[in-house]
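In what follows, a structure is listed as structure tokens, so that the remarks can point back to it.
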Amino acid sequence: MAVAKTTICLWFDKDAEAAARFYAATFPDSAVTAVHRAPADYPSGKAGDVLTVEFTVAGLPCLGLNGGPAFRHSEAFSFQIATDDQEETDRYWTAITGNGGQESACGWCKDRWGISWQITPRVLTDALAAGGDEAKRAFEAMMGMTKIDVAAIEAARRG
1 MAVAKTTICL
11 WFDKDAEAAA
21 RFYAATFPDS
31 AVTAVHRAPA
41 DYPSGKAGDV
51 LTVEFTVAGL
61 PCLGLNGGPA
71 FRHSEAFSFQ
81 IATDDQEETD
91 RYWTAITGNG
101 GQESACGWCK
111 DRWGISWQIT
121 PRVLTDALAA
131 GGDEAKRAFE
141 AMMGMTKIDV
151 AAIEAARRG
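Structure follows, in structure tokens:
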């Protein structure tokens with residue numbers, strides 16, 4: 001398999017493999033492709049510990065690095081997952097928040113490792129792209145939501 005020219009590297013304390021396996025089980029076109037162990041002791045681990053994990057999330061190549069507690073995730077980086085309907089939106093939202101994660105506002109949530117996710121129904125992005133009053137109504141509806149309610153966005157689009 002060819003190595004991707006660009007890969008997202010996510011820093012974890014010790015749970016890169018658990019996170020990668022969760023993502024692979026949750027999102028289509030996702031997989032854990034390799035687990036690499038440290039050949040020697042390093043500042044936050046020992047020889048033989050999982051050092052890096054190669055995986056894909058919805059087709060996007062990623063590398064999980066068990067670098068220790070020095071750096072934490074923030075909302076400045078997030079995965080955005082486009083969903084087709086309420087059922088798909090609910091499925092991803094529940095998987096992330098129900099597995100030790102937490103809800104936020106406007107379709108954002110965090111998984112138990114602190115990675116931020118935007119679970120975004122296409123009806124919302126379509127409404128915002130439409131511009132004008134339709135976009136304004138959809139945007140205003142979204143601002144009061146945690147998980148996006150597809151029916152409420154569709155109603156707002158119609159006015």
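First residue of the sequence shown? That's 1 in full-length UniProt numbering, and the numbers climb one at a time after it.
Even for Gly, the Cβ is constructed at its ideal location relative to N, Cα and C.
Using CA atoms only, rank isn't needed, just tell me which of the options is closest to residue i.
| i | options | result |
| --- | --- | --- |
| Ala135 | Ala141, Met142 and Ala127 | Ala127 |
| Lys14 | Ala25, Trp113 and Pro28 | Trp113 |
| Thr26 | Thr6, Ala152, Ala141 and Thr94 | Thr94 |
| Gly159 | Ala151, Arg137 and Val150 | Arg137 |
| Leu124 | Glu75, Arg72 and Ala155 | Ala155 |
| Ala130 | Asp111, Arg157, Ser116 and Gln118 | Arg157 |
| Phe79 | Gly98, Val57 and Arg91 | Val57 |
Of all Cβ atoms in chain D, is any one closer than 7 angstroms to the Cβ of residue i?
| i | result |
| --- | --- |
| Glu75 | Included in the structure is just one protein chain, with no chain D present. |
Under three-state DSSP, which class holds residue i?
| i | result |
| --- | --- |
| Ile96 | helix |
| Thr125 | helix |
| Glu88 | helix |
| Lys46 | coil |
| His36 | strand |
| Ala105 | coil |
| Gly59 | coil |
| Gly68 | coil |
Determine the extent of the alpha helix (DSSP H) in which residue i is found, giving its start and end residues.
| i | result |
| --- | --- |
| Ser155 | According to the sequence shown, residue 155 is Ala rather than Ser. That run of the alpha helix (DSSP H) goes Val150 to Arg158. |
| Phe22 | Ala16 to Thr26 |
Taking the beta strand (DSSP E) that residue i belongs to, which residues open and close that run?
| i | result |
| --- | --- |
| Gly101 | First-last for Gly101: undefined, no H or E at that position. |
| Lys136 | It is not in any beta strand (DSSP E) - Lys136 instead sits in the alpha helix (DSSP H) that spans Gly132 to Met143. |
| Trp11 | Ile8 to Phe12 |
| Ile81 | Ser78 to Thr83 |
Could you pull out every residue in the same chain whose Cβ sits closer than 7 angstroms to the Cβ of residue i, ignoring the five residues on either side in sequence?
| i | result |
| --- | --- |
| Ala20 | Val32, Val53, Phe55 and Gly64 |
- Query: On the three-pair Cβ rule with 8 angstroms, is the stretch 35 to 49 touching the stretch 141 to 149?
  - Reply: no
- Query: Any chance the stretch 101 to 110 sits against the stretch 61 to 68, with 3 or more Cβ pairs inside 8 angstroms?
  - Reply: no
- Message: If contact is defined by three or more beta carbon pairs under 8 angstroms, each pair taking one atom from either stretch, is the stretch 76 to 90 in contact with the stretch 47 to 56?
- Response: no
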